[in-house]
Amino acid sequence: MDIRKFLRSFFYAFQGILEAVKEQNMRFHVASACIVIVAGLLTGLSVIEWLIIVLVIILVIGAEMMNCAIERVVDLATSEIHPLAKAAKDAAAGAVLVFAIGSVIIGVLIFFPKWF
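In terms of our numbering, the sequence shown opens at residue 1 and continues consecutively.
This is the structure we're talking about:
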């Protein structure tokens with residue numbers, strides 16, 4: 001195993017994270033995650049609740065990063081407005097929306113009983 005190549009792959013992965021954070025939607029998801037973490041600290045979540053919250057945050061941010069990657073690849077493949085390119089980009093954005101809606105539902109199920 002080439003350790004330099006292995007370590008370089010982490011560098012590229014961090015570059016990918018920084019590239020994704022340039023996107024407005026990603027910044028929104030990161031800000032939302034920070035708010036949820038603060039709310040969780042103030043609410044006193046159990047270990048299981050924290051595991052669920054962290055998993056949901058990871059899924060939403062990961063989905064947004066995949067959406068960003070798909071959008072970039074589609075933009076690279078064609079500069080024209082093509083129905084298949086639009087469909088691919090819309091489906092990727094829709095997947096993020098599904099994860100985000102699911103995360104809101106999970107957040108409500110975890111936080112509301114503790115607050116009300």
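Glycine is no exception: its CB is placed at the ideal position from the N, C-alpha and C atoms.
Computed from a predicted model, the values in this text were never measured in an experiment.
Own chain, CB closer than 7 Å to residue i, minus 5 neighbours either side, in chain order
i: W50; result: G40
i: V74; result: A85, A88 and K89
i: P113; result: none
Three-state class that DSSP yields for residue i in the structure shown
i: A61; result: The question names Ala, yet the displayed sequence has Ile at residue 61. If DSSP states are grouped into helix, strand and coil, I61 belongs with the helices.
i: E19; result: helix
i: D2; result: coil
i: V82; result: Checking the sequence, you will find His at residue 82 rather than Val. Coil.
i: S46; result: coil
i: F99; result: helix
Same chain, Cβ closer than 6 Å to residue i, neighbours up to 5 away in sequence not counted
i: F99; result: L59, V60 and A63
i: A92; result: N67 and I70
i: I110; result: E49
Check your understanding: Using 8 Å as the Cβ pair cut-off and three pairs as the minimum, do the stretch 57 to 71 and the stretch 19 to 26 touch?
Key -> Short answer: they touch.
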